[in-house]
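Trainee:
Shown next as structure tokens:
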């Protein structure tokens, strides 16, 4: 009795392949038009801008942001980590990673934050959304790649769509939590003052929830960064590709340097967003 008898087992795997194949065959023209339009009008221009951005300009701007948000210590840290990515000869691939991670995180936030706001205002929506994001959160990252590859083939579009699906969860969850944790006393005070539901939401709940929403954006960026590295398997040309090349050649030094560059991108984003969130919390008391 260690294993379930084969006669009573079943699987839904044979159902999924025909379904994906049917979509691919019947909607190929639409999918291909969407893919090409996305590449030509969004991905290629943003990639060209990022890869052409001078490293000294990035060091200056990020250092300035760090100084404004967290003082000299944060400015030095951010500038030093950025310089590392440049002097190791990985600047172009670092910016390729930033471009794909940035677009994916931006789209994930555009999708996730409105859904989180709707969930925060309706218990019914929250009950529908919660099981979906719980499922997305525990799915292995490779499961996001397989169906997207079947529909969009390999490349940056596939990586972006898979990353958006993987990284959208914290944007939804933190936004929902941030709005719901606003003290009821403040909401009642706004109502007593004559605010409508819309005014209460826009002028009381949303500003007070902003630090938590930004934490969700921070986590979305970090999850997008983690997924982008896995997406090197589908043909992206960034730091994830460097890691896979190092793995195939057993080149530990090359892999460690690329891994550090990836980690430093995440640290820079995390420190800047945390500093911004701390300032926002201080202003709100």
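Numbering (the numbering used here), first residue to last: 449 to 733. Glycine included, C-beta positions come from ideal geometry on N, C-alpha and C. The structure displayed is predicted, hence computed values, not measured ones.
#1: Classify residue 645 as buried or exposed, calling it buried when 16 or more other Cβ atoms lie within 10 Å of its own Cβ.
#2: How far does the alpha helix (DSSP H) with residue 681 in it reach, from first residue to last?
#3: Distance check for residue 600 and residue 452, CA to CA, integer angstroms please.
#4: Given 8 Å as the limit, is there contact between the stretch 670-677 and the stretch 646-657, that is, 3 or more CB pairs closer than that?
#5: Say whether the stretch 684-691 touches the stretch 538-555, bearing in mind that this needs 3 or more beta-carbon pairs closer than 8 Å, one atom from each stretch.
#6: Check whether the stretch 575-582 touches the stretch 615-627, taking contact to mean three or more Cβ pairs, one atom from each stretch, closer than 8 Å.
#7: For the candidate residues 540, 721, 553 and 516, whose alpha-carbon lies nearest to that of residue 668?
#8: Please tell me whether residue 611 and residue 713 are closer than 8 Å, where the distance is taken between their beta carbons.
#9: With distances taken between CB atoms, is the gap from residue 593 to residue 682 smaller than 8 Å?
#10: Assuming the contact rule is C-beta atoms closer than 8 Å, residue 673 and residue 710 should be a hit. Round their C-beta distance to whole Å, please.
#11: Taking only the alpha-carbon atoms, compute the straight-line gap between residue 567 and residue 618 and give it to the nearest angstrom.
#12: Counting only the same chain and skipping the five closest in sequence on each side, list residues whose C-beta sits under 7 Å from that of residue 494.
#13: Give me the residue from 532, 490, 512 and 726 with the minimum Cα distance to residue 705.
#14: What is the DSSP secondary structure of residue 642, reduced to helix, strand or coil?
#15: Is it the case that the Cβ atoms of residue 605 and residue 486 are separated by a distance below 8 Å?
#16: Comparing C-alpha positions only, which one of 603, 582, 581 and 614 sits nearest to residue 590?
#17: Which whole-angstrom value describes the C-beta separation of residue 471 and residue 563, a residue pair presumed to lie in contact below a C-beta threshold of 8 Å?
Mentor: The structure says:
#1: exposed
#2: Unbroken run through residue 681: none, as it is neither H nor E.
#3: 37 Å
#4: Contact between the stretch 670-677 and the stretch 646-657 is absent: fewer than 3 CB-CB pairs across the two stretches fall below 8 Å.
#5: yes
#6: yes
#7: 553
#8: Cβ atoms of residue 611 and residue 713: not closer than 8 Å.
#9: Yes, these two residues count as a Cβ contact at 8 Å.
#10: 7 Å
#11: 13 Å
#12: 547 and 551
#13: Nearest C-alpha to residue 705 among 532, 490, 512 and 726: 532.
#14: Here residue 642 sits in coil by DSSP.
#15: yes
#16: Ranking the options by Cα distance to residue 590, first place goes to 614.
#17: Contact flag wrong, Cβ pair sits at about 24 Å.
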